[in-house]
């Protein structure tokens, strides 16, 4: 039963990552990393396909080996955080705009402190 839940979660992660390719504020690589994690526990063949993928494979392997994020990935994430914070400041009333601002500060700080690949 648990194996099937991991398989479903892996496919959901692939789906969200695919949507993230087209939506600029939805991340792609973190969902692919999550999918690889789920497939490792449910279907090693699908995990191997992700690890061998020409675009996502290196990101997944770097994350697994060193917890590393590429400099380009860090910059993209921080730009997305800044953009969403700006939108929150422009369109959200007080005190609700503090929620995305806080999330951006916490998430951005964590991303910035990860090792670089």
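Numbering (my numbering), first residue to last: 260 to 376. Note that CB positions come from ideal geometry on N, CA and C, so glycine has one too.
Cβ pair residue i, residue j closer than 8 Å
| i | j | result |
| --- | --- | --- |
| residue 289 | residue 327 | no |
| residue 305 | residue 269 | yes |
| residue 370 | residue 337 | yes |
| residue 376 | residue 323 | no |
Proximity winner among the options, relative to residue i (alpha-carbon distances)
| i | options | result |
| --- | --- | --- |
| residue 333 | 323, 366 and 294 | 366 |
| residue 363 | 348, 310 and 316 | 348 |
Sequence-distant residues of its chain with Cβ nearer than 8 Å to residue i (five each side left out)
| i | result |
| --- | --- |
| residue 284 | 339, 342 and 343 |
| residue 272 | 290, 291, 293, 294 and 297 |
For residue i: DSSP bridge partner residues
| i | result |
| --- | --- |
| residue 375 | 328 |
Own chain partners of residue i with C-beta closer than 6 Å, once the 5 adjacent residues on each side are dropped
| i | result |
| --- | --- |
| residue 262 | 301 |
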